[in-house]
Each structure stands twice: as structure tokens, then as C-alpha cells.
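Q: Once you've had a glance at the structure underneath, I'll fire off some questions.
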Amino acid sequence: MRLGRWVVAACPTAVVTGVITGIGAAPAQALNTPNHEMPFPCGDTWTGSSRPGHSPSPLSIDWNKVGDLGAIMSASAAGVVTKVADLGGASYGKYLIVDHGAGRTTLYAHLSAQWVAEGQTIDAGSTLGLVGATGHVTGPHLHYEQRLEGSDQRSYFHSTPFVMGTTQTSANCPDVPLTGNWDKDKASELGTFRRTPDGPRFRLRMDGGSRTRVVYGSNTDIPVTGDWNGDGASEIGVRRPGSRAFLLRKANASTTTVRLGRVGDLPVTGDWNGNGTTDVGIWRPSTATFVLRAANGTTTSIPLGTVGSLPVTGDWNGDGRTDLGAYDQVTTTFSLRSSRPRRTFVRTLVYGTVTGLPITGDWDGNGTTDVGVWTARSGQAALRISASVARVASTTRTVRLGRVR
Numbered sequence: 057m058r059l060g061r062w063v064v065a066a067c068p069t070a071v072v073t074g075v076i077t078g079i080g081a082a083p084a085q086a087l088n089t090p091n092h093e094m095p096f097p098c099g100d101t102w103t104g105s106s107r108p109g110h111s112p113s114p115l116s117i118d119w120n121k122v123g124d125l126g127a128i129m130s131a132s133a134a135g136v137v138t139k140v141a142d143l144g145g146a147s148y149g150k151y152l153i154v155d156h157g158a159g160r161t162t163l164y165a166h167l168s169a170q171w172v173a174e175g176q177t178i179d180a181g182s183t184l185g186l187v188g189a190t191g192h193v194t195g196p197h198l199h200y201e202q203r204l205e206g207s208d209q210r211s212y213f214h215s216t217p218f219v220m221g222t223t224q225t226s227a228n229c230p231d232v233p234l235t236g237n238w239d240k241d242k243a244s245e246l247g248t249f250r251r252t253p254d255g256p257r258f259r260l261r262m263d264g265g266s267r268t269r270v271v272y273g274s275n276t277d278i279p280v281t282g283d284w285n286g287d288g289a290s291e292i293g294v295r296r297p298g299s300r301a302f303l304l305r306k307a308n309a310s311t312t313t314v315r316l317g318r319v320g321d322l323p324v325t326g327d328w329n330g331n332g333t334t335d336v337g338i339w340r341p342s343t344a345t346f347v348l349r350a351a352n353g354t355t356t357s358i359p360l361g362t363v364g365s366l367p368v369t370g371d372w373n374g375d376g377r378t379d380l381g382a383y384d385q386v387t388t389t390f391s392l393r394s395s396r397p398r399r400t401f402v403r404t405l406v407y408g409t410v411t412g413l414p415i416t417g418d419w420d421g422n423g424t425t426d427v428g429v430w431t432a433r434s435g436q437a438a439l440r441i442s443a444s445v446a447r448v449a450s451t452t453r454t455v456r457l458g459r460v461r
């Protein structure tokens, strides 16, 4: 089994490209009703207020709590980052805009740090940056707006209209899908990284239906999985964006720390050299580039996909080494890159829906990684099973996974 990660080039020699169609793209589901959560990590408590004359309208929310300067703030819903700007000491200062579709956007202002890039695809709960006091302010806070066609609207959280002056606890607790070989068989299994107010839990599902729960990390971490010690079983880990650190938990509960990349990078994992042990890497959204770290600390950079892509990894050709890929959510297209001596292949595979998140794994245990998508709105994982990614004929297995949101 070769581990695949969802989460997310100029090829050195010849490039072979093929197009394979799967279940096809579904039209985007319009966000006609509010589906946002508070713009903070799961379990955080904040007070939101406004005032007459608040620009651009009294519907805008200023969020505060004790120790708010430098606190992490999160995407209130999935979308695409369309603006990352810095107005200096005026107006919003450092701010972001996220497009959620159907004319709906959110704005996050007065930040001290911006950890995303324009064009980047983000999921609900993704860390966007840090609360600050930039722009025209009298003190640190997060200025937040929900907009429709550019106009400020009353904010809704958890499908409930927000009442100014109240203190609430964030229910921005989305599940993240995982894949790995938890029980050392040949096929990949599924799991989730579940954020709760008491902290996250890895929920790993075995082939026989049993489940293992492991408490590890924090709600602002990004989960990763891999075989850190080469024993044939996948273990868990996280990447902590603020410290750029991978925390890799082994079967004996010890943790190895590896630092790599920048604060806004996304983690990927894979067996880059085929030695049976999983290594780490990052995907840089601002340049659509993978940076892969070898066990000796050296790194290799490989561009692939576009800024708006999501990174995936897997052994597409069954040679025992993890390859790279990128998933374009708009076109539901996987671009899968695999290498052989003196030749690099990039094949494209259309599969999934525009609201789905990519997952990869060896679903049938044949030694080759397949693709899939997980849709949070339905809580369903659609797994594409094929003898190889180049084979047009395939079957789809649907599995219930995670909490609907």
C-alpha cells in the first residue's frame, strides 16, 4: 500500500498528457442561505459588537477578547481568496476577502499577518491570518463583514442571526478527511480529523468497521498521516502553521518534530524515494510549488498545477514511490504527475464535484493509488477504483464519512 494524502511543473523531459473522464462535474450549489461559522478556531470565545456610523455599515462586526492581538482567525466558510491587501495605516489596514459563490463574500480586516494568497482555495476553518491593529483603529480587533454582491449584510453563524454585543463560542469545527493504512493490510482506510471545543481527535476507521480515536494536536493544526518508522502502518501527525513545524506521532506515542516551509504553506507527505518510510513536504499556494524534504534534510522544488489547486500525493504508477498531483476544484480535474527514467508523465483525470475535497488512497490494495472526493455537504466519500489511473473503465464506491456541514 502506498499512502495518499488529500489535503495538495515544468517537467524535466518529455511530458505525456492524457484526459480521463470520471463522474463529471456537478454545478456549484448556490449559497442562498447563510452557512457561515464564527471566523475563529473551534471552541474560541469572542465578543462581537458594532456602533452607529461603523464603516461601511453598523452590520459590520468588531470582534474582541482578552489577548486578541495576534490570535488566529479562520475562514467562516469555504471559498476562494480574491483579495490580499495592505492599506497601511488607513482604512482596513491589512485585509482579506474570500469569495463563497453566488455573490457572497466575507472580509477580514486590521490583521497583523495574512497567511493566504490571492486565488487560493480554502476550506471552512482554514487559518487565514492573525488578528491585529493595522489600518485606522484605536486598538486590536478583527473587523468582519458578510457581503452580498458587495453590500454589507447581517451576519449569520450556525444558521442563526448574530446579535451585536453578545459573546459566543465558535462552532467552526469542520471535519477533515484522512486516508492511511491503519492496520497494515494492502488497502487504504479512511478517517477524519475532528475538531471539537475540547481539542481535536483523529478518528481512524478499520476495514472491519472498528474505529480508533486518538487525541492529538490543536484545533488550528493541519492533519497529516504517514508511515514515519517504516513498519508498514500509517501513523498520524499535524503541521502547526505558526511554527512551520510537523509534529509526527509514532506508534509508541513519541513525537518527532520537523520544521519546513513558511507559515502559509500546506503540508503533504509521501515516500519520495521508495524506501518504505514516509517523508514530509509542503505545497506553496502562492506559487503552486511542491517542496519535498528528504530524510537527510535536502529539499527539491517541483511546480505543478495552479495557485487555486489543492495538493494530492500518491503512487500513480505503482513503482513504490509517492508521486505528486494537484486538484482543480472548479473543473474537478486531477493533474497526476509520475516519473520514470528520463520521462515524466502528467495525466489529467476529471472526477468529483465542485464542492468536493480531494482524497487519495489505494482503495483496492493493488499497489497503485486511486483518487476520490469527499463532499462535506453530504458527508459522502466517492472513491474511484481502477486498475490504474490511465484506465478509462472504473467503478465508484461511496462511503459515509465525517459530519455533514
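Note that the sequence shown covers residues 57 to 461 in my numbering. Ideal placement from N, C-alpha and C gives every residue a C-beta, glycine not left out.
Starting from the C-beta of Arg300, find all residues in its chain whose C-beta is less than 7 angstroms away, skip the five residues before and the five after it, and write them out in chain order.
A: Around Arg300: Arg315, Leu316, Gly317, Arg318, Val319.
Q: Do Leu360 and Ala344 come within 9 angstroms of each other at the CB atom, strictly closer than that value?
A: In contact: Ala344 and Leu360 (Cβ atoms closer than 9 angstroms).
Q: Would the segment 124 to 139 count as touching the segment 183 to 202 if we require 3 or more Cβ pairs under 8 angstroms?
A: Yes: the two stretches touch, three or more of their Cβ pairs being nearer than 8 angstroms.
Q: Quick check: the segment 205 to 220 against the segment 92 to 100, are there 3 or more CB pairs under 8 angstroms?
A: They touch, by the three-pair rule.
Q: In whole angstroms, give me the CA-to-CA distance for Val386 and Leu405.
A: So the alpha carbons of these two residues sit roughly 13 angstroms apart.
Q: For a quick check, are the C-beta atoms of Gly337 and Thr362 less than 9 angstroms apart?
A: No, these two residues do not count as a Cβ contact at 9 angstroms.
Q: So, at 7 angstroms on beta carbons, what are the nonlocal neighbours of Ser147 in its own chain, with the 5 sequence-adjacent residues on each side left out?
A: Here the set comprises Gly191, His192.
Q: Bridge partners of Phe218, per DSSP?
A: Answer is none; Phe218 lacks a bridge partner.
Q: What residue range does the beta strand (DSSP E) around Ala437 cover?
A: Where Ala437 is concerned, the enclosing beta strand (DSSP E) stretches over 436 to 441.
Q: Beta-carbon within less than 6 angstroms of Ser304's beta-carbon, same chain only, minus the 5 sequence neighbours each way: which residues are those?
A: In the sequence under discussion, the amino acid at residue 304 is Leu, which differs from the Ser named in the question. Cβ within range, chain order: Trp284, Gly293, Thr312.
Q: Spatial neighbours of Thr454 within its chain, please: C-beta separation below 6 angstroms, excluding the five flanking residues on both sides.
A: Gln436, Ala438, listed in sequence order.
Q: For Ala81, which three-state DSSP category applies?
A: Reliability fails at Ala81, whose pLDDT of 32 lies under 50, so the model's placement of it is uncertain and no value is given.
Q: Looking at C-beta atoms only, is the number of pairs between the segment 234 to 246 and the segment 206 to 216 that lie closer than 8 angstroms three or more?
A: No: the two stretches stay apart, fewer than three of their Cβ pairs being nearer than 8 angstroms.
Q: Going by alpha carbons, who is nearest to Trp171 out of Ile358, Asp142, Pro253, Val429?
A: Cα-wise, what sits closest to Trp171 is Asp142.
Q: Quick one, are the C-beta atoms of Arg295 and Ile278 less than 9 angstroms apart?
A: Cβ distance < 9 angstroms, so Arg295 and Ile278 count as in contact.
Q: Going by DSSP in three states, His110 sits in which element: helix, strand or coil?
A: Residue state, collapsed to three classes: coil.
Q: Going by DSSP, what residues sit across from Gln176 in a beta bridge?
A: Partner(s): none; Gln176 has no beta bridge.
Q: Between the Cα of Gly175 and those of Trp372, His110, Arg403, Arg340, spot the shortest distance and give me the residue it belongs to.
A: Comparing Cα-Cα distances from Gly175 to each of Trp372, His110, Arg403, Arg340, the minimum goes to Arg340.
Q: Count the other C-beta atoms from every protein chain shown that fall within 10 angstroms of the C-beta of Arg107, then say buried if there are 16 or more, exposed otherwise.
A: The residue is exposed, with fewer than 16 neighbouring Cβ atoms inside 10 Å.
Q: Just verifying my parser: in three-state terms, what is the DSSP assignment at Glu245?
A: It is a strand residue.
Q: What is the rounded straight-line gap between the Cα of Leu163 and the Cα of Ile153?
A: Distance between the alpha carbons of Leu163 and Ile153: 5 angstroms.
Q: Return the bridge partner residues of Lys150 from the DSSP annotation.
A: Its beta-bridge partners are Asp142.
Q: Measuring alpha carbon to alpha carbon, tell me which of Asp231, Ser116, Gly195, Gly376 ends up nearest Leu260.
A: Nearest of Asp231, Ser116, Gly195, Gly376 to Leu260, Cα basis: Asp231.
Q: Can you give, in chain order, each stretch of the beta strand (DSSP E) that sits fully within the segment 340 to 396 and has at least 3 residues?
A: Those beta strand (DSSP E) runs which fall completely within the segment 340 to 396 and span 3+ residues are 345 to 349, 355 to 359, 366 to 370, 379 to 384, 389 to 396.
Q: Using 10 angstroms around the beta-carbon of Ala158, count the other beta-carbons present and answer buried if the total reaches 16, otherwise exposed.
A: Result: exposed.
Q: To the nearest angstrom, report how far apart Gly423 and Ala169 are at their CA atoms.
A: The straight-line gap from Cα to Cα measures roughly 43 angstroms.
Q: What are the residues that DSSP puts in a beta bridge with Glu201?
A: Note: Glu201 sits in a beta bridge opposite Leu163.
Q: For Ser226, which option in Gly149, Phe258, Trp119 has the closest C-alpha, if you only look at C-alpha atoms?
A: It is Trp119.
Q: Who are Val232's beta bridge partners in DSSP?
A: Per DSSP, Phe249.
Q: What residue from Pro323, Asn352, Gly364 has the CA that sits closest to Phe346's CA?
A: It is Pro323.
Q: Would you call Arg456 buried or exposed, if buried means 16 or more other Cβ atoms sit within 10 Å of its Cβ?
A: By the 10 Å Cβ count, Arg456 comes out exposed.
Q: For Gly458, count the other beta carbons within 10 Å of its own beta carbon; 16 or more makes it buried, fewer makes it exposed. Which is it?
A: Gly458 should be labelled buried.
Q: Would you please state the rounded distance, in angstroms, between the beta carbons of Asp384 and Thr425? I believe it to be under 8 angstroms.
A: That pair is no contact at about 18 angstroms.
Q: Determine the burial state of Asn331: buried for a count of at least 16 other Cβ atoms within 10 Å of its Cβ, exposed for fewer.
A: Exposed, by the Cβ-count rule.
Q: Distance check for Ser450 and Ser442, CA to CA, integer angstroms please.
A: Looking at the two C-alpha atoms, the distance is approximately 5 angstroms.
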